[in-house]
Each structure stands twice: as structure tokens, then as C-alpha cells.
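The structure appears right after this line, and notes come after that.
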Amino acid sequence: MRLHEYIARRLAMTIPTLLGLTLLTFVISHMVPANPAFLYLGERATPEMLAEFNRAWGLDQPLYIQFIRFVIGFFQGDFGTSTWTRHPVLEDLVRYFPATLELTAGALAVAMIFGVLFGVISAVKRNTVIDYVVRAVSLIGASMPVYWLALVAMSIVYLRLGLVSPGRLSSTISPPSHVTGLYLIDSLLTLNMTSFADAFVHLILPSTILASWIIAPVVRQTRAAMIDSLAQDYTLAAKAKGLPERVVVWKHALRNALIPTVTVIGITFGGLLAGSVITETVFYWPGIGSYMLHSTFQVDFAAMVGGTAVIGILYTLINLVVDLLYGAIDPRIRYG
Amino acid sequence: MRELRRTLHLLRTMPLSLFGLGVVVLSVIVAALAPSLAPYDPLEINYSDRLFPPGWKNLLGTDSLGRDIFSRIIYGTRISIVIGIIVILGSAITGTLLGLGAGYFGGKIDNIIMRLADIFLAFPGLVLAMAFTAAMKPSLEGTILALSIVAWPTYARLVRGSVLSIKELDFIEAARATGESEFSIIFNHILPNVMSPIVIQGTLDLGRAIMRASSLGFIGLGVQPPTPEWGAMAADGRDYILNQWWVSTFPGLAIFFVVMAFNLLGDGLRDAMDPRLRYK
Numbered sequence: 027m028r029l030h031e032y033i034a035r036r037l038a039m040t041i042p043t044l045l046g047l048t049l050l051t052f053v054i055s056h057m058v059p060a061n062p063a064f065l066y067l068g069e070r071a072t073p074e075m076l077a078e079f080n081r082a083w084g085l086d087q088p089l090y091i092q093f094i095r096f097v098i099g100f101f102q103g104d105f106g107t108s109t110w111t112r113h114p115v116l117e118d119l120v121r122y123f124p125a126t127l128e129l130t131a132g133a134l135a136v137a138m139i140f141g142v143l144f145g146v147i148s149a150v151k152r153n154t155v156i157d158y159v160v161r162a163v164s165l166i167g168a169s170m171p172v173y174w175l176a177l178v179a180m181s182i183v184y185l186r187l188g189l190v191s192p193g194r195l196s197s198t199i200s201p202p203s204h205v206t207g208l209y210l211i212d213s214l215l216t217l218n219m220t221s222f223a224d225a226f227v228h229l230i231l232p233s234t235i236l237a238s239w240i241i242a243p244v245v246r247q248t249r250a251a252m253i254d255s256l257a258q259d260y261t262l263a264a265k266a267k268g269l270p271e272r273v274v275v276w277k278h279a280l281r282n283a284l285i286p287t288v289t290v291i292g293i294t295f296g297g298l299l300a301g302s303v304i305t306e307t308v309f310y311w312p313g314i315g316s317y318m319l320h321s322t323f324q325v326d327f328a329a330m331v332g333g334t335a336v337i338g339i340l341y342t343l344i345n346l347v348v349d350l351l352y353g354a355i356d357p358r359i360r361y362g
Numbered sequence: 009m010r011e012l013r014r015t016l017h018l019l020r021t022m023p024l025s026l027f028g029l030g031v032v033v034l035s036v037i038v039a040a041l042a043p044s045l046a047p048y049d050p051l052e053i054n055y056s057d058r059l060f061p062p063g064w065k066n067l068l069g070t071d072s073l074g075r076d077i078f079s080r081i082i083y084g085t086r087i088s089i090v091i092g093i094i095v096i097l098g099s100a101i102t103g104t105l106l107g108l109g110a111g112y113f114g115g116k117i118d119n120i121i122m123r124l125a126d127i128f129l130a131f132p133g134l135v136l137a138m139a140f141t142a143a144m145k146p147s148l149e150g151t152i153l154a155l156s157i158v159a160w161p162t163y164a165r166l167v168r169g170s171v172l173s174i175k176e177l178d179f180i181e182a183a184r185a186t187g188e189s190e191f192s193i194i195f196n197h198i199l200p201n202v203m204s205p206i207v208i209q210g211t212l213d214l215g216r217a218i219m220r221a222s223s224l225g226f227i228g229l230g231v232q233p234p235t236p237e238w239g240a241m242a243a244d245g246r247d248y249i250l251n252q253w254w255v256s257t258f259p260g261l262a263i264f265f266v267v268m269a270f271n272l273l274g275d276g277l278r279d280a281m282d283p284r285l286r287y288k
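Chains as they are written, first to last, in the numbering used here: chain A, 27 to 362; chain B, 9 to 288.
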């Protein structure tokens, strides 16, 4: 199969998934026990007001009509209005999304850098004390509840040592002018180095904690792939040529070992999105996860449903990108 | 089944997995004997004993309502193990039945079941579980249902894959030739041969289910207070983490140990079942 055929087929497979995703979201939104009209209008709403609300929002229509309208609205980005913030849910999600993106991207960077580094070290020093320590630490990381780790880390770094304050920026620093909503990028674009440094310092702890959620599979995969790669003929040939160990390991062996690692990172991204919801609540990080939870406790389900849908779409698209990348890197996938 | 017995035999040579098995067995015993082991009533509020540090009277201290944390952790073992087992049984049985149907009958049935599985896999599990529990009203039953709903597709995929390769084998052909019913072929011949991967996946998922349930409990969408659920207990201690560290720390450690035990056991089972690793 040629690459463009593979891409076309993979894209076509995404459409039923996205449609199914809307169906599942629709089902969840209809499971909500409370009457949305009551939630929006309050308990004192008269029957006439309720009827008017149901008519206005199409809730008096048959279910399949409601679903069709839901799908159309969904693909137009209409997730309803938040009864808590009184804004369209999409508008809220767009506002909160950059914080989540910055947090997950930070965590991904930490997981990739340290996961690959520890995986390589563990493979090179196989069956030595260093290997055992790396594997033990990654096992402990994988079994540790991320919210608890976050609580402990926050109490030490934020409360005990007073090094940083919770949130994305110190209260004394004003956010950079809005370009992308990502504080690091925006402060670089507007050359505001004070806010860049502050945003960076605030990002370190939450993203490191979130990275612990996925670092174990990255270490495990890199280690396994490196052990394989180090035993291959091309690595032995590079060694036989007299190349220094450093070059053989980090250039020849690692380059081939990275392919399966990239896939694992792609697969674990979903976990990262889920973990970000938890991490955000502990660190008072104003992202989609915090928004969804706060809305839910305000009995505002539109935000929870919209947030879930957006995370689902994001997850589906990331899987698509990972598959396409993998197909491009490794021709065997395309023909498989 | 013979494969499973051989795997368990191999497990004896893996000290870490044996340690995992030991902790798992211990947790099950603690869960079963909770009423006899707990020194206090886990729900008894005692304002005069608020936030006592660990000591002889209260081994792991008391929480903000004066309840004994040690007793609550013991009862919490029951909640976590029960949630884990029901979720895994529920999702594994549902997933296995659907996977058997999809793999054996193929065609439209296969297409419908697997597309359905794809839809559920289009969300990160915990996020979907959050949406379900929020919609159903957070509770113990809601947690179990939500976690089972998000876990079944893994089993359906796993079983379907195994069935596809097994159903072409000679002994299935032979069973068909002797006129056995499809029901009998599926349950007497195919199912026993796909059990091993299900058991391994189930063990690995038990740790994950317990972790997810406690995460839901922590954010307030899981089992509700005053039920002694570990995640909710850790959340209770949030405001006291600086000076009364024990309120959050011990429930967190409990989750850590149990989840690690299931991970070690699952890893050991997987390694023992993988022929490539077995002979290394």
C-alpha cells in the first residue's frame, strides 16, 4: 500500500469513531438524572417556563431528532451553554484548553527526556545495580497514585519550602498578552522574560508529577528496544569499526530503538489527558479538567459532557497522528 | 488450564512476583476479616480525638472527625478489593462473551461489536468513567458500573484476536465434523484456550481498576464519604497535609502497596506466559 492510500484509509476509519463518539456523548448527556430545564431556570420555574425552555432547546422533540441535532451541533462546536459560567461551553473550553495543553506538553517532555534516558542507561547497564534501581523507581512510579504524589510534592515544595505558589503564575506577575494562551509561548512572542521565567517555574512540578503517570511504560519500552537494538548486527558492526561506545549507544542503537518508544508515548497520551484532570485539581491548575470538575459540582453537566467530547476527539486525533507517523517511519505497518 | 498451572509453577522462581502474590493474598484476607481486625468502628465520629498523631491508641492516627485511620484503611481494603474484583469480573465476562461472538461468527456481528469497542476506546478510560459517574450520581455502584463500562473493550479485542487464530485449528474442525453445536464448540473448545491471556490481563487490570476507583474517590466522583474509601480518605487529608500528614499519607501508601502488588503479580504472569521470555 502506498503512503497516501494508507493515510486515506486511516482517515476514513476515524470518521465512524468520531460519529460513535458523539453517540456515546449523547447517551451520557441523557443519563444525567437532573432535568436540564430545572438546572438552568432554577427550582422556582413555572410549568410554562419549563415548556418554553424545552421547546427552545429542542428537548420536546423525539430522541432521534435530538440526536441528529446534537451531531450537527457537535460538529459545529456547539456543546450547549454552561449553567455555571453562563457562557457557551466551547468558549469556556477554548479558554481553559491552553493551560491543559501546556501541562500535558510539559509532562510529555519530562517523560520523553527522562524515560528515554533512564531506559537507555538501564539497557546499557543491564542486570547491574543501576538497572535494578531504575526499574524499581519506575515500578514505584507506576504504582503511586498521581493525586497523592501531587499532594505530597505540593505540601513540600509549595507549602513547606514556599518555593512556588499554586497556579500558572505568581499573583504578582501579570499574564503575557494573549496570543496562543500558552504562557510560555506568549511570553516568548511578546519578549516578556519575567513572565516566561515565572510560568516555567510554575510548570515544573505539576508536569513532573503528571509525567510520573506515564514514565514507567516509556522506560520499560526503551529498555526492551535498546537491549534488542544493542544485540543487532548494525550495532556490532559500528562497535567493530572502533566507534566510541557513546556514539554506538546514543546514535546507532538508540535511533532504531526509538520507533517503538514513539508509539508507546502516543498510546500513553490518553493516560496523560486523564492524569491531567487529576493533577489540575490538586495544583489549582486552571485547565479543562478543573473546569469539568467544578462545573459538575455546580450540577452543570454540559461542561462535563463537552469536556469529555473534546478530550475524546483530541485523543482520537492523537492516535491518528501516531498511526500516520508510525506508518511513515516503518513501511511494514502499511503493508501489514 | 494446564498452561495456567505451568505459569503458576514458573512464578515460583520470580521473587518479586511472589512478593506481589503475598501482598495480594494478605489484602484479600484483611478484606475478608475486616470486622475482626479493625480495632475501632471505621465510621465512629469522636470530636475529642480529632487529628491525633499515630500512637499506641490509634496506630495510624485519627482524621478530622476523630475516626481511627487504621480501622478505616482496613475497611477500605474491603471496598477497594471488592470494587476491583467486581469490575474485572464484570468487564472480563462481558468482553469475553462479545469477543467470542465477534471472533467466532465474524461478518456483521464482528463489525458491530468491534466498532462498538472502538467507540469506548476513543476516550481515555478515566475521563469516560468520570463522565459516567457524574451523570449517574457518584456512588459505590456508579463507580463499579462506570469502571466496568470502560474496561470491557480490552477483553473483547484480546479474546477476538485469540479466537480468530484458534478457530482455524484442526481440533475445532474435528469438533464441527462430529456435529457438535456451535454453543458447545465456543464454550467447551475455544473458551478454555483463551483463558490464560484473560487471566493475565485481569490481574494487571485489577491494579488499574483499584487505582481508577481511588482517583474517582479522590476527586469526589467515586465512593462517597463517610464510606472509608482510600481515595476519598486521601482527599479528606488535603487541608491537613502540612501538619497532620498522616491523614492523607497512610491511605495513599495503602493504594500504592496494593496496586504495586497487582502490577508485580501481573508482570510475573505475563513474563511466565511469554515463551520468548520464559527460556531466557
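A virtual CB, placed ideally from N, CA and C, is assigned to each residue, including glycine. Bear in mind that the values here come from a model prediction, so they are computed numbers and not experimental data.
Give the DSSP bridge partners of residue i, in chain order.
i	result
B/T70	B/D76
A/T107	A/P114
Considering only C-alpha positions, which residue in the set the options is nearest to residue i?
i	options	result
A/S316	A/T216, A/G297, A/R121 and A/L134	A/R121
A/L119	A/G353, A/M330 and A/M170	A/M330
B/A142	A/A237, A/A283 and A/V325	A/V325
B/G133	B/L106, B/L148, B/K116 and B/P161	B/P161
A/R281	A/S302, A/L269 and A/L256	A/L256
A/L187	B/G109, B/I194, B/L250 and B/M122	B/L250
B/S35	B/R220, B/I120, B/T235 and B/I82	B/I82
A/P171	B/W254, B/M268, B/Y163 and B/D126	B/M268
A/V244	A/F295, A/H56 and A/H204	A/F295
B/G28	A/K265, A/T126 and A/L165	A/L165
A/L45	A/L76, A/I94 and A/F226	A/I94
A/M180	A/Q92, A/G106, A/V288 and A/T234	A/T234
A/G103	A/L350, A/S191, A/G332 and A/A131	A/G332
So, under 8 Å CB-CB, residue i and residue j are touching, yes? Tell me the CB distance rounded to an integer number of Å.
i	j	result
A/F101	A/F52	Between A/F52 and A/F101 the Cβ distance is about 13 Å, and since that is not below 8 Å, they are no contact.
A/S221	A/L195	7 Å
A/V146	A/M252	6 Å
B/F270	B/V33	Their Cβ separation, rounded to whole angstroms, is 12 Å, which puts B/F270 and B/V33 out of contact at 8 Å.
A/G353	A/I241	That pair is no contact at about 26 Å.
B/P146	B/G230	6 Å
B/I198	B/K175	7 Å
Let me know if residue i comes out buried or exposed under the rule of 16 or more other beta-carbons within 10 Å of its beta-carbon.
i	result
B/G276	buried
B/K288	Confidence is the limiting factor: at B/K288 the pLDDT is only 44, short of 50, which leaves the residue's position unreliable, though a coordinate-based value still follows. Looking at its Cβ environment, which holds fewer than 16 other Cβ atoms inside 10 Å, B/K288 is exposed.
A/M39	exposed
A/F327	buried
B/T151	buried
B/N66	buried
A/I98	exposed
B/V202	buried
B/W64	exposed
A/R28	exposed
A/Y90	exposed
B/I120	exposed
B/G210	buried
B/R75	buried
A/A34	exposed
B/I263	buried
B/F179	exposed
A/E306	buried
B/L177	exposed
Provide the residue span of the alpha helix (DSSP H) that contains residue i, from first to last.
i	result
A/I147	V115 to V150
B/T35	According to the sequence shown, residue 35 of chain B is Ser rather than Thr. Where B/S35 is concerned, the enclosing alpha helix (DSSP H) stretches over P23 to A40.
A/E74	P73 to A82
A/E31	L29 to M57
B/L214	L199 to I227
A/M219	M219 to L256
B/D275	W254 to M281
A/Q102	Looking at the DSSP string, A/Q102 is not in any alpha helix (DSSP H), and its letter there is neither H nor E.
B/G150	L148 to I174
A/F295	L280 to F309
A/Y317	I314 to F323
A/Y209	Y209 to L215
A/K277	Looking at the DSSP string, A/K277 is not in any alpha helix (DSSP H), and its letter there is neither H nor E.
Would the beta-carbon of residue i be found less than 7 Å away from any heavy atom of the ligand GTP?
i	result
B/G245	Judged by which ligands are present, the structure shown has none, so any question about the ligand GTP falls away.
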